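A.B. asks:
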Amino acid sequence: MDDMDFPTPDVDVESIDPNELKAQIDAGESVTLLDARMEGDYEEWKIDGENVESINVPYFHFLDDEIPEDVLGRIPDDRELTVLCAKGGASEYVAGSLKELGYDVDHLEDGMNGWARVYEAVEVTEYDGTGTLLQYQRPSSGCLGYFLYDGDEAAVIDPLREFTDRYLDDAEELGVELQYAIDTHVHADHISGVRNLADEGVEGVIPEPAVDRGITYADDMTLAADGDEFAVGDATIETVYTPGHTSGMTSYLIDDSLLATGDGLFVESVARPDLEEGDAGAPDAAKQLYESLQERVLTLPDETLIGGAHFSDAAEPAADGTYTAPIGQLVDEMAALRMDEDEFVDVILSDMPPRPANYEDIIATNLGQQTADDEEAFELELGPNNCAASQDSLADD
Numbered sequence: 068m069d070d071m072d073f074p075t076p077d078v079d080v081e082s083i084d085p086n087e088l089k090a091q092i093d094a095g096e097s098v099t100l101l102d103a104r105m106e107g108d109y110e111e112w113k114i115d116g117e118n119v120e121s122i123n124v125p126y127f128h129f130l131d132d133e134i135p136e137d138v139l140g141r142i143p144d145d146r147e148l149t150v151l152c153a154k155g156g157a158s159e160y161v162a163g164s165l166k167e168l169g170y171d172v173d174h175l176e177d178g179m180n181g182w183a184r185v186y187e188a189v190e191v192t193e194y195d196g197t198g199t200l201l202q203y204q205r206p207s208s209g210c211l212g213y214f215l216y217d218g219d220e221a222a223v224i225d226p227l228r229e230f231t232d233r234y235l236d237d238a239e240e241l242g243v244e245l246q247y248a249i250d251t252h253v254h255a256d257h258i259s260g261v262r263n264l265a266d267e268g269v270e271g272v273i274p275e276p277a278v279d280r281g282i283t284y285a286d287d288m289t290l291a292a293d294g295d296e297f298a299v300g301d302a303t304i305e306t307v308y309t310p311g312h313t314s315g316m317t318s319y320l321i322d323d324s325l326l327a328t329g330d331g332l333f334v335e336s337v338a339r340p341d342l343e344e345g346d347a348g349a350p351d352a353a354k355q356l357y358e359s360l361q362e363r364v365l366t367l368p369d370e371t372l373i374g375g376a377h378f379s380d381a382a383e384p385a386a387d388g389t390y391t392a393p394i395g396q397l398v399d400e401m402a403a404l405r406m407d408e409d410e411f412v413d414v415i416l417s418d419m420p421p422r423p424a425n426y427e428d429i430i431a432t433n434l435g436q437q438t439a440d441d442e443e444a445f446e447l448e449l450g451p452n453n454c455a456a457s458q459d460s461l462a463d464d
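Its first residue numbered 68, the sequence shown is counted upward by one per residue in the numbering used here.
#1: Any idea if E110 is buried or exposed, counting beta-carbon neighbours within 10 angstroms, 16 or more meaning buried?
#2: Exposed or buried, what is R233 when buried is set at 16 or more other beta-carbons lying within 10 Å of its beta-carbon?
#3: Using three-state DSSP, classify L461 as helix, strand or coil.
#4: What does DSSP give as the partner residues of H174 in its beta bridges?
#5: Looking at the strands, I want to know which residues DSSP matches up with C210.
#6: With a threshold of 16 other CB atoms inside 10 Å of the CB of T283, please say whether the residue is buried or exposed.
#7: Roughly how many angstroms separate the alpha carbons of L235 and E335, rounded to a whole number?
#8: What is the C-beta distance between I258 and A439, in whole angstroms, given that I count them as a contact (C-beta under 8 Å)?
#9: If you check the beta carbons only, do E120 and T99 fall under 8 Å apart?
#10: Expressed to the nearest angstrom, what Euclidean distance is found between the alpha-carbon atoms of G178 and K154?
#11: Taking P423 as the reference, which of A402, N452 and R405 has the closest Cα?
#12: May I ask which residues mark the beginning and end of the alpha helix (DSSP H) holding P482?
#13: Do L245 and A265 come within 8 Å of each other at the CB atom, strictly closer than that value?
#14: Which of the three DSSP states is assigned to E370 in this structure?
#15: For the putative contact between A188 and Y170, defined by C-beta atoms under 8 Å, what is the C-beta separation to the nearest angstrom?
#16: What would DSSP say about L397, mapped onto helix, strand or coil?
#17: Would you call the CB atoms of S359 and T306 closer than 8 Å?
#18: How many angstroms separate the CA atom of L397 from the CA atom of T391?
#19: Please classify V78 as buried or exposed, where buried requires at least 16 other C-beta atoms within 10 Å of its C-beta.
#20: Where DSSP assigns a beta bridge to D102, which residues make up the other side?
#21: Between which two residues does the beta strand (DSSP E) harbouring V272 extend?
#22: Exposed or buried, L449, counting other C-beta atoms within 10 Å across all chains shown (16 or more means buried)?
#23: Is it the case that the segment 117–135 contacts the segment 156–170, given that we only count it when at least three CB pairs across the two stretches are under 8 Å?
Quick look at the structure:
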């Protein structure tokens with residue numbers, strides 16, 4: 068809808084930066100959003116939060132000379148509103164129309180595209196290994212990554228292509244050299260940044276078992292086999308093969324303190340098993356996931372932190388603001404981790420959400436079998452990740 072040429076409002080409309088909006092939500096301020104996208108786009112992907120009221124009124128309702136009374140009746144006039152759309156054009160026009168009627172209103176700069184560029188680094192304070200561990204959080208899609216640094220060295224796990232420069236800038240600001248860019252698996256919801264970082268001189272690392280899926284650039288990468296270790300200063304990252312979500316799914320144990328599980332285990336759910344072989348292969352993949360969880364993950368000490376590659380709206384952050392939790396806590400809260408294999412398989416196959424948008428093209432791009440420029444890559448990964456097996460939290464069940 069933002070490809071349309073909207074008239075310039077007759078009044079000045081202030082914009083709000085997406086990072087500022089995120090700060091307001093995090094601070095617990097009451098936020099009212101008027102989302103002017105089409106209903107289908109809104110239902111698929113929107114900005115949520117306990118202190119967020121979101122109202123969907125598509126932009127075309129505001130195109131007439133006079134806005135219908137039934138439309139205005141849906142829009143509160145007793146509080147500040149932020150109007151948003153896909154890219155920022157329609158929202159400025161809608162906000163201007165409402166401001167002319169006396170509403171207290173601004174609009175979200177660059178719309179949901181701007182929201183998708185919000186990327187925050189939060190320290191994992193419960194990490195008790197060597198060095199410092201940060202968790203990157205992308206609220207628009209729930210993508211998570213990890214940045215470990217110690218001495219003058221650093222590594223990033225599950226980097227996103229969109230934020231290639233961010234990792235390099237963060238390393239420079241911290242006075243460290245980014246040694247490794249590590250992927251846990253062939254992602255289906257975002258474009259990996261490993262190859263872009265490798266082009267900048269960082270050592271790219273991909274799981275050795277993932278190569279059989281048809282990765283075209285394996286010769287340019289370091290292949291991580293089960294048990295391999297990577298030194299970052301005095302800290303160690305150990306490779307732990309945990310197939311199930313995909314055949315190449317690999318976790319990384321960061322200095323015996325946090326297991327970066329990729330899409331194997333999240334703080335609120337477990338992985339969906341159908342993104343590689345589809346519905347036909349999902350039962351076998353679910354069995355493989357069960358074995359990985361029981362034999363490779365849950366056998367670690369209870370105090371070992373779990374940090375997945377994603378979080379959903381159902382996830383509850385830890386006290387430090389990160390989406391991490393000790394293994395012992397997850398076993399207590401998540402009945403799926405205490406089930407036998409047959410029951411586990413039945414449960415995770417019973418409530419899977421829709422597959423991620425554009426997942427086939429994203430997988431092909433991450434395999435190197437097709438190309439996408441930066442804008443195309445960004446557009447491909449817009450929307451929710453949907454990599455968990457359940458639409459709701461499995462914790463506290």
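All residues carry an ideal CB built from backbone N, CA and C; glycine is no exception.
These numbers come from a predicted model, not from an experiment.
C.D. replies: Let me lay it out:
#1: E110 is exposed by the Cβ-count criterion.
#2: That one is buried.
#3: L461 falls in the coil class under three-state DSSP.
#4: According to DSSP, H174 bridges with S82 and V150.
#5: Residue pairing by DSSP places C210 opposite R205 and H377 in a beta bridge.
#6: A residue is called buried when at least 16 other Cβ atoms come within 10 angstroms of its Cβ; T283 does not meet this threshold and is exposed.
#7: Spanning the two alpha carbons is a distance of roughly 31 Å.
#8: Taking a contact as a CB-CB distance under 8 Å, the pair I258 and A439 counts as one, their CB atoms being some 7 Å apart.
#9: The answer is yes: Cβ separation under 8 Å.
#10: Straight across, the Cα-Cα distance linking G178 with K154 is about 4 Å.
#11: It is N452 whose Cα lies nearest to the Cα of P423.
#12: A question about residue 482 goes unanswered here, because the residues of the chain that appear run from 68 up to 464.
#13: Cβ distance not < 8 Å, so A265 and L245 don't count as in contact.
#14: The answer is coil: DSSP assigns E370 none of H, G, I, E or B.
#15: Taking the Cβ atoms as the reference, A188 lies roughly 36 Å from Y170, outside the contact range of under 8 Å.
#16: The answer is helix: DSSP assigns L397 an H, G or I state.
#17: At least 8 Å separates the beta-carbon of S359 from that of T306.
#18: About 10 Å.
#19: Counting the other Cβ atoms within 10 Å of the Cβ of V78 gives fewer than 16, which makes it exposed.
#20: As computed with DSSP, D102 is found in a beta bridge with N123 and L151.
#21: Its beta strand (DSSP E) spans residues E270 to P274.
#22: In summary, L449 is buried, with 16 or more beta-carbon neighbours lying within 10 Å of its beta-carbon over all protein chains present.
#23: The segment 156–170 vs the segment 117–135: in contact.
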